[in-house]
Amino acid sequence: MLNFVLLIFIYSGIYALMAMGQNVITGYVGLLSLCQAGFFAIGSYATAILSVTYGWNFWLTIPIAGVLAALSGVLIGLPTLRLKGDYLAIATLGFGEIVRNILNNWDSLTRGPMGIQRIPMATVFGLKISPYEKWGFLVMVWIFVLVGYLFFRHLARSRMGRALEAIREDEIAASSMGINTTKYKVWAFALGAFAAGVAGSLQAVFTLSVSPGTFTFMVSIMVLCMVVLGGMGNFLAVILGAFLIQFISYFPQLVGLSNIIPPQFKQVLFGLILVVMMIWRPQGILGRAPRMTLNPKKKQPKDSDGGEK
Amino acid sequence: MILLETKQLTRAYGGVIAVSKVDFEVEQGLITGLIGPNGAGKTTLFNNITGLDVPTSGTVHYKGKEITGKSAHSICRMGVARTFQNIRLFKELTVLENVMVGRHFKVGTSPTKGRFGSVLKSFISLGNEEFEMKKEALHWLDFFELGELSDELAKNLPYGHQRELEIARALATEPSLLFLDEPAAGMNPQETEHLMSTIRRIRALGITVVLIEHDMKLVMNICDTITVLNYGQNIAQGTPKEIKRNPLVIEAYLGKEDE
Chain Z
1 MLNFVLLIFI YSGIYALMAM GQNVITGYVG LLSLCQAGFF AIGSYATAIL
51 SVTYGWNFWL TIPIAGVLAA LSGVLIGLPT LRLKGDYLAI ATLGFGEIVR
101 NILNNWDSLT RGPMGIQRIP MATVFGLKIS PYEKWGFLVM VWIFVLVGYL
151 FFRHLARSRM GRALEAIRED EIAASSMGIN TTKYKVWAFA LGAFAAGVAG
201 SLQAVFTLSV SPGTFTFMVS IMVLCMVVLG GMGNFLAVIL GAFLIQFISY
251 FPQLVGLSNI IPPQFKQVLF GLILVVMMIW RPQGILGRAP RMTLNPKKKQ
301 PKDSDGGEK
Chain C
310 MILLETKQLT RAYGGVIAVS KVDFEVEQGL ITGLIGPNGA GKTTLFNNIT
360 GLDVPTSGTV HYKGKEITGK SAHSICRMGV ARTFQNIRLF KELTVLENVM
410 VGRHFKVGTS PTKGRFGSVL KSFISLGNEE FEMKKEALHW LDFFELGELS
460 DELAKNLPYG HQRELEIARA LATEPSLLFL DEPAAGMNPQ ETEHLMSTIR
510 RIRALGITVV LIEHDMKLVM NICDTITVLN YGQNIAQGTP KEIKRNPLVI
560 EAYLGKEDE
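Sequences listed follow chains Z and C, in order.
One point on numbering: in my numbering, the residue at position 30 of the first sequence is 30, and numbering is uninterrupted.
One point on numbering: in my numbering, the residue at position 58 of the second sequence is 367, and numbering is uninterrupted.
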């Protein structure tokens with residue numbers, strides 16, 4: 001039982017990373033992308049192939065996984081970012097499926113539908129972080145989430161974050177204010193993909209095997225649900241969303257009702273959650289992160305009381 | 310000195326010619342009015358000059374350099390800012406943040422060379438840079454007496470203030486040339502009066518202003534020179550007095566006398 005709860009937390013962490021990436025793309029730039037599963041897969045396979053075939057250390061494969069995912073993000077981003085809304089969603093959905101099909105068919109590299117097994121465990125100073133000892137793995141995953149959160153929180157507060165939000169609010173106005181919107185959108189895609197790639201790496205050393213069946217379209221939808229449920233444009237909310245969605249999807253097993261409630265039921269539930277949220281709380285449970293203000297209770301810049309006339 | 314000129318600028322959408330062979334000049338330091346009946350191609354001309362649209366043929370020169378077909382962001386960086394007919398604020402951002410976006414390209418990046426690293430630099434920016442940006446942005450808010458509203462979301466401002474905020478945001482890019490697309494639309498007479506004094510203050514800063522406007526009182530009052538478009542063509546230009554008497558202009562607005 002405890003093991004099962006820990007498992008939920010581990011998956012929450014892995015998905016939280018992906019959801020934070022999605023949040024950059026959807027919550028900040030306002031692009032509906034549906035290919036986090038593709039980037040996730042690229043990260044997973046990068047770690048799997050590098051560590052099994054080439055014997056690399058897990059820690060070295062993480063940056064490669066992230067960068068490969070980011071590069072493919074740029075690859076998909078450059079041609080498709082002219083598209084908006086539904087059209088971008090369809091194009092990115094296609095990309096996710098292409099990745100899965102490549103994994104299924106490039107036998108010499110990915111071993112096709114069989115996938116890659118016996119991925120070596122991650123080690124820290126000679127200590128194995130075994131997925132069977134869940135506490136250790138849990139801590140490792142959540143350290144990644146923490147680092148990711150700090151990274152993205154910085155992004156949100158930086159000049160770049162503001163540029164991304166300006167693009168979301170009004171792309172034409174943003175470009176008329178001197179912002180190179182294409183460049184920022186591509187970077188947002190790359191960062192979002194990077195996070196998913198790293199999440200994929202963690203997934204690989206957690207399940208110790210990868211196969212194309214894991215990276216279905218459902219994964220992208222789950223990630224999107226996490227962002228919508230938690231609150232678009234709020235990285236903390238997205239982490240909460242990741243936990244809630246994972247909790248809901250494992251709930252039947254957790255309470256021992258998996259014989260009665262079929263696993264497919266969670267897909268119905270996700271759809272229901274999306275509809276309900278859109279009607280009653282479109283901003284998500286926590287909503288957008290509060291805006292930074294000039295005159296908060298905190299210290300303020302000396303000449304900020306701009307009321308003198 | 311001619312700050313900006315278009316030569317034979319044409320923009321056709323399929324068979325519809327929105328702007329047809331327009332020669333349009335903007336003299337430095339003056340307030341230029343661009344008037345004409347609805348659908349005359351005024352906004353299309355603005356869009357083609359500011360890079361939001363690409364001319365079918367013809368050229369645009371700014372400070373002697375050709376800028377035809379350049380992207381909107383690079384034209385803005387060269388010193389041409391604009392506002393929009395239907396207000397385009399960043400609604401969910403605060404008033405201050407809106408103006409700070411106007412300062413965005415002024416920090417950390419060289420305005421002419423938009424190198425690969427510029428996005429990275431904007432990611433690393435915090436602290437001092439942000440403080441400077443806030444200071445500059447507040448300066449422009451104070452110019453419009455909007456300083457007290459700095460923490461409000463832009464969408465919550467009353468209409469007149471939204472118009473002003475949009476101008477403040479454009480001014481924050483430190484333009485030499487400012488295009489205002491119907492700045493007085495939807496304003497009451499007092500607000501329009503206030504806007505006129507604001508435009509004069511902007512000119513006093515050494516900024517050349519071009520404005521599209523339907524409010525003839527405003528146009529005739531503050532414009533040094535007026536260009537009239539009709540059916541995409543430049544039919545007249547001159548001082549307000551000349552324009553008022555020009556038979557072609559009267560015809561465009563009121564129709565021909567016979568029939």
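C-beta: ideal position from N, C-alpha, C; glycine also.
Residues near residue i in its chain [Cβ-Cβ closer than 7 Å; skip 5 each side]
| i | result |
| --- | --- |
| ALA65 (chain Z) | GLY43, ALA46, THR47, GLY197, VAL198, GLY200 and SER201 |
| THR482 (chain C) | CYS385, ALA390 and GLY411 |
| LEU339 (chain C) | THR517, ASP533 and THR534 |
| TYR250 (chain Z) | ILE8 |
| PRO346 (chain C) | ASN539, ALA561 and TYR562 |
| ILE98 (chain Z) | none |
| ASN3 (chain Z) | LYS134 |
| GLY350 (chain C) | ALA327, VAL328, LEU538 and GLY541 |
Cβ shell of residue i (< 6 Å), same chain only, five flanking positions each side left out
| i | result |
| --- | --- |
| PHE270 (chain Z) | CYS225 |
| PHE39 (chain Z) | ALA69, ALA193, ALA196 and GLY197 |
| SER33 (chain Z) | ILE25 and THR92 |
| GLY13 (chain Z) | VAL141, TRP142 and VAL145 |
| PHE243 (chain Z) | SER12 |
| HIS470 (chain C) | none |
| MET525 (chain C) | none |
| VAL363 (chain C) | GLY378 |
| ASN234 (chain Z) | LEU286, ARG288 and ALA289 |
Beta-bridge partners of residue i, as assigned by DSSP
| i | result |
| --- | --- |
| ALA545 (chain C) | C:VAL537 |
| PHE333 (chain C) | C:THR315 |
| VAL139 (chain Z) | Paired residue(s): none; VAL139 (chain Z) is not in a bridge. |
| ASP490 (chain C) | C:ILE521 |
| TYR28 (chain Z) | According to DSSP, which records beta bridges pairwise, TYR28 (chain Z) is partnered with nothing at all. |
| THR368 (chain C) | C:LYS316 |
| GLY342 (chain C) | C:LEU520 and C:ILE535 |
| VAL251 (chain C) | In this structure chain C extends from 310 to 568, so residue 251 (chain C) is not present and cannot be described. |
| LEU450 (chain C) | The partner list for LEU450 (chain C) (beta bridge, DSSP) is empty, contrary to what the question assumes. |
| THR123 (chain Z) | Z:LYS128 |
Chain Z within 8 Å of residue i, Cβ atoms only
| i | result |
| --- | --- |
| GLU406 (chain C) | yes |
| PHE393 (chain C) | yes |
Min CB distance residue i to chain C below 8 Å
| i | result |
| --- | --- |
| GLY85 (chain Z) | no |
| THR26 (chain Z) | no |
| LEU75 (chain Z) | no |
Cross-chain neighbours of residue i in chain A, by beta carbon under 7 Å
| i | result |
| --- | --- |
| GLY178 (chain Z) | You won't find chain A in this structure, because its protein chains are Z and C. |
Chain Z contact residues for residue i, given Cβ-Cβ distances below 8 Å
| i | result |
| --- | --- |
| VAL410 (chain C) | ARG162, ALA163, ALA166, ALA174, MET177 and ILE179 |
| ARG512 (chain C) | Here the premise fails: no neighbours, minimum Cβ distance about 21 Å. |
Listed by chain order, chain Z residues near residue i by CB distance under 7 Å
| i | result |
| --- | --- |
| LYS400 (chain C) | GLU169 |
| THR359 (chain C) | SER176 |
| PHE432 (chain C) | LEU155, SER158 and MET160 |
| ARG397 (chain C) | ASP170, ILE172 and ALA173 |
Contacts of residue i in chain C (Cβ-Cβ under 7 Å)
| i | result |
| --- | --- |
| ARG153 (chain Z) | Chain C residues near ARG153 (chain Z): none, gap ~11 Å exceeds 7 Å. |
Contact list for residue i against chain Z, beta-carbon separation under 9 Å
| i | result |
| --- | --- |
| THR403 (chain C) | ARG291, MET292, THR293 and LEU294 |
| ARG583 (chain C) | Nothing can be reported for residue 583 (chain C): it is not among the residues displayed for chain C, which extend from 310 to 568. |
Close Cβ partners of residue i (< 8 Å) along its chain, the five nearest in sequence each way excluded
| i | result |
| --- | --- |
| LEU17 (chain Z) | PHE144, VAL145, GLY148, ALA195, ALA196, VAL198, ALA199 and LEU202 |
| LEU184 (chain Z) | Leu is not the amino acid found at residue 184 (chain Z); the sequence shown has Tyr there. Only VAL29, MET160, ALA163, LEU164 and ILE167 meet the Cβ criterion. |
| GLU461 (chain C) | THR403 and VAL404 |
| ILE511 (chain C) | ILE476, LEU480, LEU487 and VAL518 |
| THR359 (chain C) | ALA381, ILE384, CYS385, VAL389, ARG391 and PHE488 |
| PHE393 (chain C) | GLU475 and ASP490 |
| LEU88 (chain Z) | LEU31, LEU32, SER33, THR80 and LEU81 |
Nearest-angstrom beta carbon gap, residue j and residue i [assumed within contact, 8 Å]
| i | j | result |
| --- | --- | --- |
| GLY367 (chain C) | LYS330 (chain C) | 7 Å |
| ILE285 (chain Z) | LEU240 (chain Z) | 7 Å |
| VAL416 (chain C) | ARG478 (chain C) | So it is not a contact: roughly 16 Å between Cβ atoms. |
| LEU208 (chain Z) | PRO131 (chain Z) | 6 Å |
| GLU522 (chain C) | PRO492 (chain C) | 7 Å |
| GLU169 (chain Z) | GLU401 (chain C) | 6 Å |
Closer than 7 Å: residue i CB and nearest the ligand GDP heavy atom
| i | result |
| --- | --- |
| GLY13 (chain Z) | Of ligands this structure carries none, so the ligand GDP is not represented either. |
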